[in-house]
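What follows is a set of notes on a single structure, which appears directly below.
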Amino acid sequence: MTDFLLAMAGLILFTVAVGLARLLGGPGDADRMMAAQLIGTGGIASLLLIAAATGARGVEDVALGLALLAAFASVAFVNSAAPAEAPDSDAADGR
Amino acid sequence: MSVLQALDIGLALLVFAVAAWTIFAPGAFSATVGYVVYGLLLSLVWIRLFAVDVALTEAAIGSGVTGVLLIGAAARLREAKTAGDEKSLSGLPRLLIAGLCTLVALALAAVALLFPDQGPSLAPQSMRRLPETGLGNPVTAVLIAYRAFDTMLEKVVLVLAVVGVWSLAADRYWGGAPGEARLARPEPTLAFLAQVLAPLGVLVGIHIFWVGADEPGGAFQGGAILAAMWMIAMMARLTEAPRTSAFWLRLALVAGPLVFLIAGVAGAIFAGSFFAYPPGFAKPVILFIETFMVLSIAVALPMLVAGPPRREPPR
Amino acid sequence: MSLVIDLFGVAAIGAGVFFFVAGAAGLLRFPDALSRLHALTKADNLGLGLIVLGLLPRSTSPLAALKLIAIWALVLLAGATTAQLVGRAVRRKGSAA
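Protein chains in written order, with our numbering: chain P, 599 to 693; chain C, 18 to 332; chain D, 2 to 98.
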């Protein structure tokens, strides 16, 4: 079972690596903003699997922190690449 | 090769690849994204090294807060850029820097790999004396009990850093507020996220601080998460950075190192030597000190990221 | 009993990893940023949810299990909202954003 968990964690990391290769090189900033989200979710998944396999303690707290900080980093990226405008300027979009 | 070894090697290669991309990334924004990804991956490495406290700190400060700091700096550089400023390092200096960095990295790797299995370490002794401190987490014991003076000086360095950042303001802005003003009607999606995330994050941050006495966690990590939540609210323009001349702000900034110092001096009076804790009473004192440390960190980090004041103080 | 837990874990975690891989495939193959965003958010959130489900019976205490669910809920919330923000950024700056 331990080996299975570790193998799954490895698979997820490989997936994250492939996704990162696509996003970090991708045209435009939107792709790069998504990289933080990808590593956040994939990192948490691998983290939980590795912790379940190797028996590290207190890892749920790290995962909670990772979730919050990945969200924090994503918000900062979006804010920097496309600064928020007042809602009035959205009126033309109709939604 | 076992699955675990393959996983470790894969993780290490991924970290290398992301680091290499960050160095060669086109532009500050991309490089910062790469840096944040690198930091989050590094916290996975720390988990594999069974250093859970360090993993939390890496994710919180090394990756999260520093990443946002770099993003803010990159944005400000974009604003301030004038034509003809584009003069990046090239040729021989770059090669020299790369060579020196590689040399240092190889030296560190050699030291780590050639380390004898039973290297010199005070870990067994520190674990033996752990019950006297009343703590269950040896990392917290090292930070606040065994080398408390060092940790206090680190908090002083934080305060000095904030003062340094504030001193970058133009004279007329001194005492004013950094960052952007809050909006009467902030963007709804961002406001929603901030309003839901911030209270949860505050809860998680306080939990991680409090649980750090016995489980992985601690004041630094909890304070960083609290700081991140305040920064989310500021980024959503729900609230604005306070004026740098505000008394409560300055008090909160120095409260951590101040309480720490007072506890150290009180140790000299009540427990026999500077920074000694009274036996049997160590844990409450430690938690008391840590509470004010969390406050200082949670206030100092957003102030560092917000930058120097950019709006004039009211007369 | 532990065999049942193991089998359940294998099934759920396997399904979760499948969704992660599907999300990565979407990232590679979808033509524009918005559809890539869709693949990323939906597949990864579902993948993480299934993995959390698979790990729930193995958690060391009820509090740890609760934290696992809280992690997933947090990622769901933050991921969905961030996807909205990124989508808005793409729409504002044009598809080459």
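Glycine included, each C-beta is placed from N, C-alpha and C at the ideal position.
Quantities reported herein were computed from a predicted structural model and do not represent experimental measurements.
Exercise. Just to confirm, are Val614/P and Ile642/P a CB contact at a threshold of 8 angstroms?
Worked result: no
Exercise. Using a C-beta cutoff of 8 angstroms, does Leu217/C count as contacting chain D?
Worked result: yes
For this session: Report the rounded CA-to-CA distance for Ala66/D versus Leu647/P, giving the unit in angstroms.
Result: 14 angstroms
Problem set entry | Any C-beta of chain D under 8 angstroms from that of Gly101/C | At Gly101/C the pLDDT is 47, less than 50, meaning the model places this residue with poor confidence; the figure from the coordinates comes in the next sentence. Proximity of Gly101/C to chain D, defined by a Cβ-Cβ separation below 8 angstroms, is not satisfied.
Problem set entry | the stretch 47–60 of chain C contacting the stretch 208–221 of chain C, beta-carbon criterion three pairs below 8 angstroms | Using a C-beta cut-off of 8 angstroms, the stretch 47–60 of chain C makes no contact with the stretch 208–221 of chain C, since fewer than three inter-stretch Cβ pairs fall below that distance.
Problem set entry | Boundaries (first-last residue) of the alpha helix (DSSP H) holding Asp33/D | It is not in any alpha helix (DSSP H) - Asp33/D carries neither H nor E in the DSSP assignment.
For this session: Have a look at Val179/C, Gly192/C, Val219/C, Arg95/C and flag the residue whose alpha-carbon is nearest the alpha-carbon of Glu329/C.
Result: Gly192/C
For this session: Using alpha carbons as the reference points, say which of Val616/P, Asp627/P, Ala605/P lies closest to Ile14/D.
Result: Ala605/P
For this session: Compare the C-beta of Trp247/C against all C-beta atoms of chain P and say whether one is closer than 8 angstroms.
Result: no
Exercise. How many Å lie between Glu307/C and Thr168/C at the Cα?
Worked result: 11 angstroms
For this session: Name, in chain order, the residues that DSSP records as bridge partners for Ala194/C.
Result: Arg328/C
Exercise. Is the stretch 222–231 of chain C touching the stretch 29–40 of chain D in the sense that three or more CB pairs, one from each, lie closer than 8 angstroms?
Worked result: no
Problem set entry | Integer-rounded CB distance, given that Leu266/C should sit under 8 angstroms from Pro259/C | Yes, they are in contact, since the Cβ atoms of Pro259/C and Leu266/C sit about 5 angstroms apart, within 8 angstroms.
Exercise. Quick one: does Gly289/C have its CB under 8 angstroms from some CB of chain P?
Worked result: no
Exercise. Is Phe41/C buried or exposed, if buried means 16 or more other CB atoms sit within 10 Å of its CB?
Worked result: For Phe41/C, the number of other beta carbons within 10 angstroms of its own is below 16, and it is reported as exposed.
Problem set entry | Rounded separation between Ala100/C and Gln22/C - CA only | Caution applies to Ala100/C, whose pLDDT of 47 falls short of 50 and renders its modelled position unreliable; the model cannot decide the point.
Problem set entry | Residue nearest to Gly240/C in terms of C-alpha spacing, selected from Ser47/C, Ile314/C, Met246/C | Ile314/C
Exercise. Could one say the Cβ of Leu629/P lies closer than 8 angstroms to chain D's Cβ atoms, at least one of them?
Worked result: The sequence shown places Asp at residue 629/P, not Leu. With 8 angstroms as the cut-off, Asp629/P counts as an interface residue toward chain D.
For this session: Just the C-alpha distance for Val676/P and Val87/D, rounded to the nearest angstrom, thanks.
Result: Annotation: Val676/P to Val87/D spans about 6 angstroms, alpha carbon to alpha carbon.
Exercise. If the cut is a Cβ gap below 9 angstroms, which residues of chain P does Gln135/C touch?
Worked result: Residues of chain P passing the Cβ test: none, with the nearest at roughly 22 angstroms.
Problem set entry | Where the alpha helix (DSSP H) containing Gly235/C begins and where it ends | Per DSSP, Gly235/C belongs to no alpha helix (DSSP H) and is neither H nor E.
Exercise. Would the beta-carbon of Ala253/C fall within 8 angstroms of that of Ala211/C?
Worked result: yes
For this session: Have a look at Val82/C, Arg199/C, Ile303/C, Ala323/C and flag the residue whose alpha-carbon is nearest the alpha-carbon of Arg164/C.
Result: Ile303/C
For this session: Could you name the residues of chain D that Thr206/C contacts, counting a contact when the two beta carbons are closer than 8 angstroms?
Result: Thr82, Gln85, Leu86, Arg89
Exercise. Closer than 8 angstroms, CB to CB, is Ala79/D near chain C or not?
Worked result: yes
Exercise. Since Asp338/C and Pro233/C are thought to touch, with beta carbons under 8 angstroms apart, how far apart are those beta carbons, to the nearest angstrom?
Worked result: With chain C running from 18 to 332 in the structure shown, residue 338/C is simply not present.
For this session: Report yes if the CB atom of Ala633/P is closer than 8 angstroms to the CB atom of Leu645/P, and no otherwise.
Result: No.
For this session: Name, please, each residue of chain D whose Cβ falls closer than 9 angstroms to the Cβ of Val50/C.
Result: Going along chain D, no residue has its Cβ under 9 angstroms from Val50/C, so there is no contact; the nearest lies around 12 angstroms.
Exercise. Among residues of its own chain, excluding the 5 on either side of Val85/C, which ones have a beta-carbon nearer than 6 angstroms to its beta-carbon?
Worked result: Once the five neighbours on either side are set aside, the close Cβ partners of Val85/C are Val322.
Problem set entry | Proximity test, Cβ basis, 8 angstroms: Ala708/P and chain D | What the structure shows of chain P is the stretch from 599 to 693, and residue 708/P is not part of that stretch, so it cannot be assessed.
For this session: Tell me whether the beta-carbon of Gly324/C lies closer than 8 angstroms to the beta-carbon of Gly181/C.
Result: no
Problem set entry | Selection from Val91/D, Arg93/D, Leu56/D that minimises the alpha carbon distance to Ile72/D | Residue Leu56/D is the option with its Cα nearest to Ile72/D.
Exercise. Would a C-beta distance cut-off of 8 angstroms place Gln238/C and Gly663/P closer than the cut-off?
Worked result: yes
For this session: Enumerate in chain order the residues of its own chain whose CB-to-CB distance from Gly151/C is below 6 angstroms, with the five nearest sequence positions on each side excluded.
Result: So the list reads Ala299, Lys300, once near-sequence residues are dropped.
Problem set entry | For Val316/C and Leu270/C, believed in contact at Cβ under 8 angstroms, the rounded distance | Between Val316/C and Leu270/C the Cβ distance is about 6 angstroms, and since that is below 8 angstroms, they are a contact.
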